[in-house]
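A short worksheet on the structure shown next.
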Amino acid sequence: MALIFSRAKKEFLSAIVLALLSSSLFSFDTKFSGAVTGEMGMPFPYALGAGDFSTACLKFDANLYLYATDAMTFYASGSVLADALAYKKDLLDLVAYDEAFGIALNEAWFDYSSDYWAVRIGRQINAWGTADGISVTDILCPKDFTSIDSMLSANNRIGIDAARISAKFDQYAIDFYWIPFVKTNALPTSKYHPITNDFATDNDLALRLAKSRKVDISAENFEYALKASAYWKYADVSLYAFYGWDRFPSEFNLYTKEDGKAVYFEGIHKRILMFGADASIPIGDLMLRLECALFPYNAITAPFTPIDEILSADVIPSDRNNKMTFLSGVDWMPGGWILSAQYYGDIVFGEMAKIIRDRYIHLATLAVSKTFFGDTLSLSLASLLQLGEWNNAFMFLAAYSVTDSFTVYSKFTFLHYVQEVILDDYKNWGAATIGARYAF
Numbered sequence: 005m006a007l008i009f010s011r012a013k014k015e016f017l018s019a020i021v022l023a024l025l026s027s028s029l030f031s032f033d034t035k036f037s038g039a040v041t042g043e044m045g046m047p048f049p050y051a052l053g054a055g056d057f058s059t060a061c062l063k064f065d066a067n068l069y070l071y072a073t074d075a076m077t078f079y080a081s082g083s084v085l086a087d088a089l090a091y092k093k094d095l096l097d098l099v100a101y102d103e104a105f106g107i108a109l110n111e112a113w114f115d116y117s118s119d120y121w122a123v124r125i126g127r128q129i130n131a132w133g134t135a136d137g138i139s140v141t142d143i144l145c146p147k148d149f150t151s152i153d154s155m156l157s158a159n160n161r162i163g164i165d166a167a168r169i170s171a172k173f174d175q176y177a178i179d180f181y182w183i184p185f186v187k188t189n190a191l192p193t194s195k196y197h198p199i200t201n202d203f204a205t206d207n208d209l210a211l212r213l214a215k216s217r218k219v220d221i222s223a224e225n226f227e228y229a230l231k232a233s234a235y236w237k238y239a240d241v242s243l244y245a246f247y248g249w250d251r252f253p254s255e256f257n258l259y260t261k262e263d264g265k266a267v268y269f270e271g272i273h274k275r276i277l278m279f280g281a282d283a284s285i286p287i288g289d290l291m292l293r294l295e296c297a298l299f300p301y302n303a304i305t306a307p308f309t310p311i312d313e314i315l316s317a318d319v320i321p322s323d324r325n326n327k328m329t330f331l332s333g334v335d336w337m338p339g340g341w342i343l344s345a346q347y348y349g350d351i352v353f354g355e356m357a358k359i360i361r362d363r364y365i366h367l368a369t370l371a372v373s374k375t376f377f378g379d380t381l382s383l384s385l386a387s388l389l390q391l392g393e394w395n396n397a398f399m400f401l402a403a404y405s406v407t408d409s410f411t412v413y414s415k416f417t418f419l420h421y422v423q424e425v426i427l428d429d430y431k432n433w434g435a436a437t438i439g440a441r442y443a444f
């Protein structure tokens, strides 16, 4: 059965691509756009890895819209990536040249929309939640966690292979998702990734993250999701339900290879159930954003400390408890500035004996941005502070539009861990990155 569904997945994606190509002959309108982005970065002199590259890649993105009729649209988006450090292996559908080159099909879908209903089939990206930074309900699409910059990015969603059926009314909408092929977060699993090369114990035993165990393709493993939204003058409100698989692995198998020089962590994913709600409420010049999600009987991983106990075990287990996450945030745009602040909380209910973590974890974020000189120069700062532990992260970005099509930018990332971590070398880490982007 798994083999049948595996072949079906390949045929499913191939059919979408062929439909996109063939329909171009008959479409009334075609829209093509793309961009070429080059990026290079190095850690700061005080940080681990100083003198080496923290990123070095060249990426070509292409987007194609085919409007067959007013109601039918085909869309495809893909990337070709040359990545010297093999950061993005988990994101790619095709990998070559020893993981340094690859192709990713980001989205490829067919959409039919009428006045009262719509259907979208194929690989698609859908955003849940109201917050631009951290979001507690945005679990439908997995995320890109292959690098620190991508972790801090608000645009790090990965497309899911799904069918979405929507019912539309004047002020209401309902979306139902059927997801036959499970996708999970992209993690830094490449053997060339700087993080995996730097992780080591006092005994020079390397710690490496292996690719997570795939969820078998079968009817009993399908995912289902529902979103119901209301759009009123005084507020936008959405309700969510998701029955699927956790995007981060909840358990880990540990193993070594023949040379015995590294311990590999193989992630195992567990079933989850989520019920959530969010609201966006305008209050004068402010926009109040609220989100809450309940995870009944949720699998929670034991932490990766102490390291000696982990290395002597065969598995890092999980235990199931009820968990709730929530956030409140506010957006304010005075005089061309954009300010966004959020407070996030994560609380576990019930017995904590098998879960060595705080019952309540909370953090705050602040983002500030402003454009200058006729919107040609953009400056932004994003920050995160874990309250109680006081661990923090900052990212500063400066971008200048040389022309409407050509942009150069630089960004600076800082991490600071106050509390004990597995690798003390990463308690203070930072990197500077420069890049350029040409869009057409």
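First residue of the sequence shown: 5, per my numbering; consecutive thereafter.
No residue lacks a Cβ here, since even glycine has one placed at the ideal position from N, Cα and C.
Note that this is a predicted model, so its numbers are computed, not measured.
Open item on the list: If you measure between the beta carbons of A140 and T329, is that distance less than 8 Å?
Closed with: Mapped onto the sequence shown, residue 140 falls at position 136. Mapped onto the sequence shown, residue 329 falls at position 325. Looking at the sequence itself, residue 140 is Val, so the reference to Ala does not match. Yes; because the gap between Cβ atoms is below 8 Å, this pair is in contact.
Task: Beta bridge counterpart(s) of C145 as assigned by DSSP - done: Counted from its first residue, the sequence shown places residue 145 at position 141. C145 pairs with nothing; no bridge assigned.
Open item on the list: Looking at F252: is its Cβ nearer than 8 Å to the Cβ of I272?
Closed with: Along the sequence shown, one-based indexing puts residue 252 at 248. Along the sequence shown, one-based indexing puts residue 272 at 268. I272 is positioned such that its CB atom lies no closer than 8 Å to that of F252.
Open item on the list: List, from N- to C-terminal side, the beta strand (DSSP E) runs of 3 residues or more that fit wholly inside the stretch 219–300.
Closed with: 227–235, 240–249, 255–260, 266–272, 275–287
TODO: Kindly list the residues whose CB is nearer than 6 Å to the CB of A303, restricted to its own chain and excluding five residues on each side of it in sequence; keep chain order.
DONE: Indexing the sequence shown from 1 puts residue 303 at position 299. S254, K274, S322, R324.
- [ ] Would you kindly work out how many angstroms separate the C-alpha atoms of K358 and L144, rounded to a whole number?
- [x] Along the sequence shown, one-based indexing puts residue 358 at 354. Along the sequence shown, one-based indexing puts residue 144 at 140. Approximately 28 Å, taken between the alpha carbons.
Open item on the list: With a threshold of 7 Å on Cβ separation, who are the neighbours of N225 within its own chain once the five nearest residues in sequence on each side are excluded?
Closed with: Taking the sequence shown and counting its residues from 1, one reaches residue 225 at position 221. The residues are V186, V219.
Task: As assigned by DSSP and simplified to three states, the class of I152 - done: Within the sequence shown, the letter at position 148 stands for residue 152. DSSP places I152 in helix when its eight states are reduced to three.
Task: Contact set for D165: own chain, Cβ-Cβ below 6 Å, skip 5 residues either direction - done: Here residue 165 corresponds to residue number 161 of the sequence shown, with the count starting at 1. Around D165: R127, F185.
TODO: Go ahead and label Y238 buried or exposed: buried means 16 or more other beta carbons lie within 10 angstroms of its beta carbon, across all protein chains shown.
DONE: For the purposes of this step, residue 238 is identified with residue 234 of the sequence shown, where counting begins at 1. Classification of Y238: exposed, given that the 10 Å Cβ count is below 16.
Open item on the list: Taking the alpha carbon of P47 as the reference point, which residue from T59, F105, S37 has its own alpha carbon closest?
Closed with: Walking along the sequence shown from the start, residue 47 turns up at place 43. Taking the Cα of P47 as reference, the smallest distance to any Cα among T59, F105, S37 is reached at T59.
Task: L89 - DSSP class collapsed to helix/strand/coil - done: Start at 1 with the first residue of the sequence shown, and residue 89 comes out as number 85. Note: L89 maps to coil in three-state DSSP.
Open item on the list: Among K215, G42, G349, whose alpha-carbon lies nearest the alpha-carbon of L331?
Closed with: Residue numbering aside, residue 331 sits at position 327 when the sequence shown is read from its first letter. The shortest C-alpha to C-alpha distance from L331 to any of K215, G42, G349 is the one to G349.
Task: Backbone secondary structure at D94 - three-state DSSP - done: To locate residue 94, count along the sequence shown from 1; it is residue 90. In this structure, D94 counts as helix in the three-state DSSP scheme.
Task: Buried or exposed (CB count within 10 angstroms, at least 16 for buried), L277 - done: Residue mapping note: residue 277 aligns to position 273 of the sequence shown, counting from 1. Exposed, by the Cβ-count rule.
Task: Residue of N130, D115, L419 minimising C-alpha distance to M399 - done: Position 395 of the sequence shown, counted from the start, is the residue given in the question as residue 399. Answer by Cα proximity: L419.
Open item on the list: Determine whether the beta carbon atoms of T380 and Y404 lie at a separation below 8 Å.
Closed with: Working through the sequence shown from its first residue, we reach residue 380 at position 376. Working through the sequence shown from its first residue, we reach residue 404 at position 400. In this structure, Y404 lies closer than 8 Å to T380 by Cβ.
- [ ] Flag this pair as yes or no: are the beta carbons of A371 and L383 separated by less than 8 Å?
- [x] Sequence index remark: in the sequence shown, residue 371 carries index 367 (1-based). Sequence index remark: in the sequence shown, residue 383 carries index 379 (1-based). No. Outside cutoff.
- [ ] At 3 residues or longer, and completely inside the stretch 301–387: list those beta strand (DSSP E) runs for me, N to C.
- [x] As far as the stretch 301–387 is concerned, its whole beta strand (DSSP E) runs of at least 3 residues are 322–336, 342–352, 364–376.
TODO: Assuming A135 and Q390 form a contact by the criterion Cβ under 8 Å, report the distance between their Cβ atoms to the nearest whole angstrom.
DONE: Residue mapping note: residue 135 aligns to position 131 of the sequence shown, counting from 1. Residue mapping note: residue 390 aligns to position 386 of the sequence shown, counting from 1. Incorrect: roughly 17 Å between the Cβ atoms, too far for contact.
Open item on the list: For a quick check, are the C-beta atoms of G248 and R293 less than 8 Å apart?
Closed with: One-based indexing of the sequence shown puts residue 248 at position 244. One-based indexing of the sequence shown puts residue 293 at position 289. Contact flag unset, no.
- [ ] Specify the secondary structure class of S414 as computed by DSSP and reduced to three states.
- [x] Residue 414 sits at position 410 when you count from the first residue of the sequence shown. In the structure shown, S414 sits in a strand (DSSP, three-state: E or B).
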